[in-house]
Structures are given as structure tokens and as C-alpha cells.
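Protein chains: 2
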Amino acid sequence: MAADVLDATFAALADPTRRAILARLREGEATVTELAAPFAMTQPGISKHLRVLERAGLVSRGRDAQRRPCRLEAAPLKDAVDWLANYRSYWEESYQKLDALLGELNQNGPDATERDIP
Amino acid sequence: MAADVLDATFAALADPTRRAILARLREGEATVTELAAPFAMTQPGISKHLRVLERAGLVSRGRDAQRRPCRLEAAPLKDAVDWLANYRSYWEESYQKLDALLGELNQNGPDATERDIP
DNA sequence: CGGATTTATAACCAGATGGTTTTATATCGT
DNA sequence: ACGATATAAAACCATCTGGTTATAAATCCG
Numbered sequence: 001m002a003a004d005v006l007d008a009t010f011a012a013l014a015d016p017t018r019r020a021i022l023a024r025l026r027e028g029e030a031t032v033t034e035l036a037a038p039f040a041m042t043q044p045g046i047s048k049h050l051r052v053l054e055r056a057g058l059v060s061r062g063r064d065a066q067r068r069p070c071r072l073e074a075a076p077l078k079d080a081v082d083w084l085a086n087y088r089s090y091w092e093e094s095y096q097k098l099d100a101l102l103g104e105l106n107q108n109g110p111d112a113t114e115r116d117i118p
Numbered sequence: 001m002a003a004d005v006l007d008a009t010f011a012a013l014a015d016p017t018r019r020a021i022l023a024r025l026r027e028g029e030a031t032v033t034e035l036a037a038p039f040a041m042t043q044p045g046i047s048k049h050l051r052v053l054e055r056a057g058l059v060s061r062g063r064d065a066q067r068r069p070c071r072l073e074a075a076p077l078k079d080a081v082d083w084l085a086n087y088r089s090y091w092e093e094s095y096q097k098l099d100a101l102l103g104e105l106n107q108n109g110p111d112a113t114e115r116d117i118p
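The listed protein sequences derive, respectively, from chains Y and B. The UniProt record's numbering numbers the first residue of the first sequence as 1 and each following residue consecutively. The UniProt record's numbering numbers the first residue of the second sequence as 1 and each following residue consecutively.
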């Protein structure tokens, strides 16, 4: 898991416009103007975001006359998930604690909270 | 899944120093100086990274005399994983294609590659 | 050929980021 | 009270980022 791959992937995902573009591309290829349509942003703005996504390997582009259709390339996202998987037990731990707490409260029967906390 | 939560989380993860800090914190609480030790960086540099992690909710801090021990808060990582989960099928698709390709090659028996590709 | 469409490129700008050095603040130990 | 330790805060700097406008390049259509 090369560090700069994760750098580029996470950095690319840190922008809501770029995440929305990726979400759109799940439904299939799209041209730059199609991708730009939903946003209150100029075309060069979108092109810049696409360049970031492309450099991160999250988007590849074809050729169709003047158009450069964009396609989702999800592979780098797997690396991100793999990195995050190392932390799963840590956020699950919180749920375990919460479960334990709720269990303890429930042990006193329904509405135990009202009786116990004063 | 508030957008700016994902913004802050992914942005925090986009820096290798910060990812290394989080990795270190999996082994338990650590003070700022302990966290700074492995890095060729000044203490204020590390403190800045910690402030980013704290603002993203990935680190919380206690009090122990002059020390402000840092603790991993993994909850926001779950949101990141949940977002990424929407793409799992897309990167798995690549594996399916690869599997299909390998299967097809294998169908011709071992070493089919050599015979088929000329 | 000539105009329209699609995209990229360049130049520019404000603000964020990642780092530094220097200094202040809080707390300990003696 | 004093020096040492741990951390934060401030000021500064270079570079990156996210956006713009204006322009160029490529390709279609008639």
C-alpha cells in the first residue's frame, strides 16, 4: 500500500464535488458537460476536478469525437477501505461499550433510567 | 452522512503523518511528544496535525498534568467506510472480469497462454 | 470551408495547508 | 520561588487548492 496512493485517493475524496462526480459515474460513463450540468460551477472548474480524480486513478477517459467520456475506476478505493479496515475494531468497540451500557440499564427493567439516575 | 464530516475525515486522512499518528494511537493513548518522536518534524508541526485530527473528530485529548494525552476516536472512520461501501461492487467487478479472463485461459488447460496468444 | 460544440489550457486570485521559528502558558519537581 | 518539561499560540513563508475568465484546440455538422 504505497503511501502516496492513499494520499492521492483520500485527497481526491475530500471534496464534495468530486465525491458527487464519482457517485454519478456509478451509473455509467459521462462526458464532461454531462458531469458539469448539476453543479453551479464553470466547465474548467469541473475539468480541474476531473484531472484530480484522474491523477488519483479514480477516473479514466475515452475518446468519442470531441467528447472525452469519463469512466469510474474504483480500484484505488479498495486500498482506502483496506487501510480503514485496520480501525474497524476501534469503532466497533464504541458500539460494544454502548451496548454494554444499554444492557446494564435494561437489567433494572424498563424505565430504570428514571429511577436510577436521581 | 453530512458532507462536511466526510470532507474533514478524508482530508485528515490524506496526509501520511496524520495516518501514522492514527496508526500509533491504535496501541493506546500517547502524549504529543511521544507522537512527535518518530517524525523529522518540530513539535508545533505535530501539534498542528493533531489539531486537524481533533477537528475531524478522529482524536480526543485528556489532561495529565502538563501533558495532553491523545486518544483515537475511530467513529468518523465508519462514515468513511460506509461511503466507500457504495463502490465495493465496482472494484469487485474488476476482480470478476479478471477471474473470468483467467478462467477462460484455464479452460484450455495449463500453459494455454503460450499456445493461444501467438 | 465555416460555424458550433466539447474540452483543455493558461493566467490569475483568495484562501487553505504544511511547515518553520519564536514565544508564551501551565504544571511539575526541588 | 525556580528551573525544567510539555504544549499551545503567533507570525511568517512557500506551496497547493478551488475557483474564476479568457482563449485555444479538436472535431463535428451543414
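Just so it is clear, CB atoms sit at the ideal spot from N, CA and C, and this is done for glycine as well.
Exposed unless 16 or more other CB atoms sit within 10 angstroms - verdict on residue i
i     : result
Y/T33 : exposed
B/E73 : buried
Y/T9  : buried
B/A2  : exposed
B/L53 : buried
Y/P76 : buried
B/A65 : exposed
Y/A80 : buried
Span of the beta strand (DSSP E), counted from its first residue to its last, around residue i
i     : result
B/R26 : Taken as a continuous stretch (DSSP letters only), B/R26 belongs to no beta strand (DSSP E), as it is neither H nor E.
Y/L58 : Counting along the chain, Y/L58 falls outside any beta strand (DSSP E), and DSSP gives it neither H nor E.
B/R71 : 70–72
Neighbour flag for residue i against chain B, beta carbons, 9 Å
i                      : result
Y/A40                  : no
Y/R55                  : no
Y/R19                  : yes
residue 156 of chain Y : Given a span of 1 to 118 for chain Y in the structure shown, any question on residue 156 of chain Y remains unanswerable.
Y/P16                  : yes
Y/L84                  : yes
Given residue i as reference, the closest of the options once Cα atoms are compared
i     : options                   : result
B/A37 : B/A56, B/R26, B/M1, B/T17 : B/T17
Y/R25 : Y/L50, Y/N86, Y/P44       : The question names Arg, yet the displayed sequence has Leu at residue 25 of chain Y. Measuring from the Cα of Y/L25, the nearest candidate turns out to be Y/L50.
B/A40 : B/A56, B/E29, B/A20       : B/A20
B/Y90 : Y/W91, Y/L58, Y/A65       : Y/L58
B/R68 : B/K78, B/A11, B/A30       : B/A30
Boundaries of the alpha helix (DSSP H) in which residue i is found, first to last residue
i     : result
Y/R55 : 43–55
Y/A85 : 75–85
Y/T33 : 32–36
Y/D7  : 3–13
Beta carbon proximity, residue i to chain Y, threshold 9 Å
i     : result
B/L22 : yes
B/R26 : yes
B/L35 : no
Return the residues of the region 62–79 of chain B that lie within a Cβ-Cβ distance of less than 7 Å from chain Y, sorted by chain order. L72, A74, A75, L77, K78
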